[in-house]
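Chemist: In the working numbering, the protein residues as written are 15 to 572. Would you mind keeping the following structure in view while I ask a few things?
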């Protein structure tokens, strides 16, 4: 009567073994972490790291190496609150719009006469026309540029531009709806670029989320300082290609409107300054890939890049129309090189050469792939949380967990004797499985997460208490201990399932509606509910069957 089929027994043991094997690396946290870092570097073609990995034998390759990531409050790290200057995007939009406005007004030269862009407040594009009588025609023509079939705000027929004329000055700005849509896109792009930069730098489980209209919260566990994080995030890596007007003697040389003077960082052009057109031909926003490589002839490190179809078309058209003219490759307002266009570059791919090392070319490729931040960030708040605070938190959490664990074990053994020992063994396995699942999914453990585990320790024995009390009742009427045990599990099952489902629903709601620490608590609580039900219904029962089959007792005490 008291039987579990062989294949069920094997399945239970395999699930236990899998859970504990994924939890096992956490007992050697620092060693496995160094092993994982070495593997990550080896994947970036670091021969030295591969040799180091082989020599030190940090961790056997056949064992799982996933770890429970420690949160900022446990591991230490950096906390930043950044404000995004979305107004910068308005300026860039107006600069990009100017060529279209210029061409449109040139087509109306008979009505408006000559045109000239004048200085204006940030986010505005102002053009002075020679003939003020043609202003209404100019406004109507430019307004057409802001009426796409489907606008960026998502509504058909919405205008993206607010165009007005006063006297002989035409003023163009983004409409209110388009400003809001631009703000949302800018924030989403900034968050994604920050996330990609932080992730590609090797850090794990950062918290990057929007706060309010124009602020981003950034928390990265395991990084040395807030300044280190600021340096990583603040690196612009903005790649642009500009027409070259000429050379300048210094950075302060006077130039015409819409021209800029930038220094060269090419070792062969030390001390050289270039006069460039301010509006770039193409920007790094059109890049789809960038990789470190080596030049075939010299063997020196270079960075290759590839444009999307739009960027490839613009780049190809410009190079085809300007063969023999120089153009500048600009990175973060410094001219990397200013080669002469020998022929049209129509393939949409090229390379950046310079005084690169293998490390610097790899870093530049990463930053170019991550893209440029669409707007400047101002850091309003920064904190560095030292590992000592995290160590104290871990120690306090361990103490709380051990005290709760010991109290529960003592209660179960004193209350249920031998059956209490089985429940205690299952409880230990349950905690191991919780950490195994957390490691498998790459979850981040925080102080609220530890609280969820401690709560789970108390809740995990609830199912066993229900079963054992039911067995006590069945011993009074059932024919023999085997039948009492079987009926105890069968008749307590519905109560166990109902109680845990209601708690799991609460954990799910906390996860969906909560954020940050609340979600960390709900994750450990939800995982603990699932593993505790598994250990109570299957593992404890399997242990009792093993014991019963070996001892064959005539009577039992629960």
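Beta carbons: idealized from backbone N, C-alpha and C, even for Gly. Just so we're clear, the structure is a prediction, and the values are computed from it rather than from any experiment.
Look at the alpha carbon of residue 421 and the alpha carbon of residue 453, and state the distance between them as a whole number of angstroms.
Modeler: 27 Å
Chemist: What does the alpha-carbon distance come out to for the pair residue 441 and residue 535?
Modeler: 19 Å
Chemist: Count the other CB atoms, across all protein chains shown, that sit within 10 Å of the CB of residue 449; report buried if there are 16 or more and exposed otherwise.
Modeler: buried
Chemist: Per DSSP, what are the beta-bridge partners of residue 222 in this structure?
Modeler: 232
Chemist: Quick check on residue 308: does DSSP put it in helix, strand or coil?
Modeler: Residue 308 falls in the strand class under three-state DSSP.
Chemist: Does the distance from the C-beta atom of residue 259 to that of residue 279 stay below 8 Å?
Modeler: no
Chemist: Tell me whether residue 375 sits in a helix, a strand or coil according to DSSP, three-state version.
Modeler: helix
Chemist: Does DSSP classify residue 140 as helix, strand or coil?
Modeler: In the structure shown, residue 140 adopts extended strand secondary structure according to DSSP, grouped into three states.
Chemist: Taking 8 Å as the threshold, find out whether the region 415-431 comes into contact with the region 322-334 through three or more Cβ pairs.
Modeler: no
Chemist: Can you give the Cα-Cα distance for residue 291 and residue 44, rounded to whole angstroms?
Modeler: 53 Å
Chemist: Between the beta-carbon of residue 84 and the beta-carbon of residue 459, is there less than 8 Å?
Modeler: yes
Chemist: What ranges does the beta strand (DSSP E) occupy inside the region 266-298, keeping only unbroken runs of at least 3 residues that lie completely in it?
Modeler: 273-277 and 287-291
Chemist: By how many angstroms is the C-alpha of residue 344 removed from the C-alpha of residue 444?
Modeler: 58 Å
Chemist: Please determine, among 108, 273, 284 and 155, the residue with the shortest C-alpha to C-alpha distance to residue 351.
Modeler: 284
Chemist: Assign residue 566 to buried or exposed, taking buried as 16 or more other Cβ atoms, counted over all protein chains shown, within 10 Å of its Cβ.
Modeler: exposed
Chemist: Using a threshold of 8 Å, state whether the C-beta atoms of residue 94 and residue 237 are closer than that.
Modeler: At least 8 Å separates the beta-carbon of residue 94 from that of residue 237.
Chemist: Output yes or no for whether 8 Å exceeds the beta carbon distance between residue 408 and residue 88.
Modeler: yes
Chemist: Using 10 angstroms around the beta-carbon of residue 184, count the other beta-carbons present and answer buried if the total reaches 16, otherwise exposed.
Modeler: buried
Chemist: In whole angstroms, what separates the C-alpha of residue 509 from that of residue 392?
Modeler: If I take the Cα positions, the gap works out to 55 Å.
Chemist: Would you list the residues sitting across from residue 131 in a DSSP beta bridge?
Modeler: 141
Chemist: Work out the CA separation of residue 254 and residue 316 for me, nearest whole Å.
Modeler: 17 Å
Chemist: Got a sec? Which residues, its chain only, sit under 8 Å from residue 522 by beta carbon, not counting five neighbours each side?
Modeler: These residues qualify, in order along the chain: 536 and 540.
Chemist: Any contact of the region 111-131 with the region 426-437, i.e. 3+ C-beta pairs under 8 Å?
Modeler: no
Chemist: Do residue 299 and residue 97 have their CB atoms nearer than 8 Å?
Modeler: no
Chemist: For residue 541, report the span of its alpha helix (DSSP H) as first-last.
Modeler: 531-548
Chemist: Would you kindly work out how many angstroms separate the C-alpha atoms of residue 91 and residue 557, rounded to a whole number?
Modeler: 44 Å
Chemist: Per DSSP, residue 316 is paired with what?
Modeler: 307 and 367
Chemist: By how many angstroms is the C-alpha of residue 102 removed from the C-alpha of residue 193?
Modeler: 12 Å
Chemist: Do you know how far the Cα of residue 323 is from the Cα of residue 512?
Modeler: 57 Å
Chemist: Please report the Cβ distance between residue 366 and residue 321, rounded to the nearest whole angstrom; I am assuming they are in contact, meaning their Cβ atoms lie under 8 Å.
Modeler: Residue 366 to residue 321, Cβ: 13 Å. No contact.
Chemist: Name the residue from 503, 204, 502 and 478 whose alpha carbon lies nearest to the alpha carbon of residue 100.
Modeler: 204
Chemist: Count the other CB atoms within 10 Å of the CB of residue 129; is the residue buried (16 or more) or exposed (fewer)?
Modeler: buried
Chemist: What residue range does the beta strand (DSSP E) around residue 471 cover?
Modeler: No beta strand (DSSP E) contains residue 471, which is instead part of the alpha helix (DSSP H) from 461-474.
Chemist: For residue 336, does the three-state DSSP call read helix, strand or coil?
Modeler: Note: residue 336 maps to coil in three-state DSSP.
Chemist: May I ask you to verify whether the region 482-490 touches the region 112-121, counting CB pairs closer than 8 Å and requiring at least 3?
Modeler: no
Chemist: Rounded to the nearest angstrom, what separates residue 532 and residue 396 at their Cα positions?
Modeler: 23 Å
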